[in-house]
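Numbering of the sequence shown is given in the numbering used here, commencing with residue 1 and proceeding in unit increments. Glycine included, each C-beta is placed from N, C-alpha and C at the ideal position. Structure first, commentary second.
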Amino acid sequence: MAEILDFNRAPEPLWREALGRKLREAREERGDRLVDVAERAGISVQYLSEIERGRKEPSSEMIAAVTGALGIDLADLLIGIAGQVRHFHTSRPIGRPSGPVLMAVA
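Below, the structure written as structure tokens:
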């Protein structure tokens with residue numbers, strides 16, 4: 001199967017970055033500090049900060065702990081992340097390609 005890649009397009013957002021943005025938004029909407037949420041979730045402040053900045057890929061257990069500490073539903077979080085990804089796909093400029101790259105995938 002051959003795939004055409006356009007290197008002029010912006011890269012897809014990483015899951016951990018979209019997750020971190022939504023968790024930070026939820027925390028800030030509640031007016032909570034990192035230390036408050038980390039304490040309730042049973043994780044370190046540093047780890048929560050790295051999750052929010054998209055530096056760490058948390059396990060499902062960690063995500064459950066943080067969403068529980070924020071009082072948000074996992075389904076709502078996932079819908080919010082999906083909305084961010086959808087917005088990325090509909091709003092990003094697709095530059096004029098300098099030429100497609102054909103890549104064979106085995």
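Problem - Backbone CA spacing between Glu57 and Trp15 [nearest angstrom] - result: Approximately 8 Å between the Cα atoms of the pair.
Exercise for the section: Count the CB pairs spanning the stretch 42 to 51 and the stretch 73 to 90 that are closer than 8 Å, and state whether there are at least three. Expected result: Contact between the stretch 42 to 51 and the stretch 73 to 90 is absent, because fewer than three Cβ pairs lie under 8 Å.
Exercise for the section: For Thr90, count neighbouring Cβ atoms within 10 angstroms of its own Cβ and tell me buried if that reaches 16, exposed if not. Expected result: exposed
Practice task
Let me know the secondary structure DSSP gives Lys56 once reduced to three states.
Solution key: coil
Handout entry: Element boundaries [alpha helix (DSSP H), containing Gln31]
Key = Looking at the sequence itself, residue 31 is Gly, so the reference to Gln does not match. Neither: Gly31 is in no alpha helix (DSSP H) and is coded neither H nor E.
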